[in-house]
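*Asks:* Its first residue numbered 2, the sequence shown is counted upward by one per residue in our numbering. Provided herewith is a single structure, encoded as structure tokens, for subsequent inquiry.
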Amino acid sequence: MTNDTPYLPFFVYGSLLPGQANAALWGDSVVAQQAALLAHGRLYSLGDYPVLIENGGGPVKGMVMTARPDAYADLLARLDALEAYNPDAPEQSEYLRVIREARLGDGTAVPIWVYIGQVNYAPHLPLVPDGDWLAYVAARELKG
């Protein structure tokens with residue numbers, strides 16, 4: 002983590018959610034997790050995980066994950082690696098890590114880091130209804 006990287010919680014909406022494929026990446030670094038919404042975006046399915054595209058749309062459901070300060074730099078590096086984000090060359094990254102605002106269940110707005118995909122992903126991918134990856138995965142599993 003560079004000195005100019007703000008210490009912010011992370012908004013997660015897919016494989017990093019509790020119970021999902023990459024949730025173990027958090028280890029014991031999380032001190033708080035809260036259900037939250039990101040106001041504008043669309044989730045598209047890449048099969049085993051979604052991509053968030055900021056091209057309008059409605060709210061995206063997810064969680065705000067707050068990390069322990071002493072674990073933050075290591076966690077940030079692990080998340081950046083998972084999301085193929087290079088802070089030194091963001092234009093060459095699959096995802097971008099950007100600061101946005103999420104709303105907690107009580108309506109409180111909090112600044113967060115969120116990983117978003119490039120708009121060119123979207124045209125050929127299935128849309129995740131209602132911006133809810135967990136509901137999408139559950140429905141897909143029911144269909145078999």
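Heads up, the beta-carbon is just placed ideally off N, CA and C, and yes, glycines get one too.
1. TRP114 bridges to which residues according to DSSP?
2. Going by DSSP, name the residue or residues bridged to THR67.
3. Would GLU92 be called buried (16 or more neighbouring beta carbons within 10 Å of its own) or exposed?
4. Let me know if GLU95 comes out buried or exposed under the rule of 16 or more other beta-carbons within 10 Å of its beta-carbon.
5. Between THR67 and the rest of its own chain, which residues show a CB-CB distance below 6 Å, the 5 nearest in sequence each way excluded?
6. Less than 7 Å between the C-beta atoms of MET64 and VAL138, yes or no?
7. Once the 5 residues before and after PRO147 are set aside, which same chain residues still bring their CB inside 7 Å of it?
8. Using the Cα positions of ASN121 and SER30, report the straight-line distance between them to the nearest angstrom.
9. Any idea if LEU1 is buried or exposed, counting beta-carbon neighbours within 10 angstroms, 16 or more meaning buried?
10. Please name the residue in SER16, ALA25 and PRO70 whose C-alpha comes closest to that of GLY48.
11. Looking only at its chain, what residues have a beta carbon closer than 6 Å to the beta carbon of GLU84, apart from the 5 residues adjacent to it on each side?
12. On the CB-based measure, 16 or more other CB atoms within 10 Å of its CB, does ILE54 come out buried or exposed?
13. I need the straight-line Cα distance from TYR1 to ILE100, nearest angstrom please.
14. Based on the DSSP secondary-structure assignment, which residues constitute the bridge partners of LYS62?
*Replies:* Inspection of the coordinates gives the following:
1. Residue numbering aside, residue 114 sits at position 113 when the sequence shown is read from its first letter. Partner(s): PHE11 and ILE100.
2. Residue 67 sits at position 66 when you count from the first residue of the sequence shown. THR67 is bridged to ALA33.
3. As a first step, residue 92 must be located in the sequence shown, where it is residue number 91. Classification for GLU92: exposed.
4. Working through the sequence shown from its first residue, we reach residue 95 at position 94. Under a 10 Å Cβ-count criterion, GLU95 is classified as exposed, with fewer than 16 other Cβ atoms of the shown protein chains found around its own Cβ.
5. Residue mapping note: residue 67 aligns to position 66 of the sequence shown, counting from 1. Closer than 6 Å at Cβ, skipping near neighbours: PRO10, VAL32 and ALA33.
6. For the purposes of this step, residue 64 is taken as the residue at position 63 of the sequence shown. For the purposes of this step, residue 138 is taken as the residue at position 137 of the sequence shown. Contact: no.
7. Residue 147 is absent from the model: the chain starts at 2 and stops at 145.
8. Sequence index remark: in the sequence shown, residue 121 carries index 120 (1-based). Sequence index remark: in the sequence shown, residue 30 carries index 29 (1-based). So the alpha carbons of these two residues sit roughly 33 Å apart.
9. This structure gives no information on residue 1, because the portion of the chain shown stretches from 2 to 145.
10. For the purposes of this step, residue 48 is taken as residue 47 along the sequence shown, with counting starting at 1. Ranking SER16, ALA25 and PRO70 by Cα distance to GLY48 puts SER16 first.
11. Within the sequence shown, numbered from 1, the residue matching residue 84 stands at position 83. Taken in chain order, the residues that qualify are TYR96 and TYR116.
12. Within the sequence shown, residue 54 is the residue found at index 53, counting from 1. Looking at its Cβ environment, which holds 16 or more other Cβ atoms inside 10 Å, ILE54 is buried.
13. Outside the modelled stretch of the chain, which goes from 2 to 145, sits residue 1, for which no answer is possible.
14. Within the sequence shown, the letter at position 61 stands for residue 62. DSSP output for LYS62 lists LEU38 as bridge partner(s).
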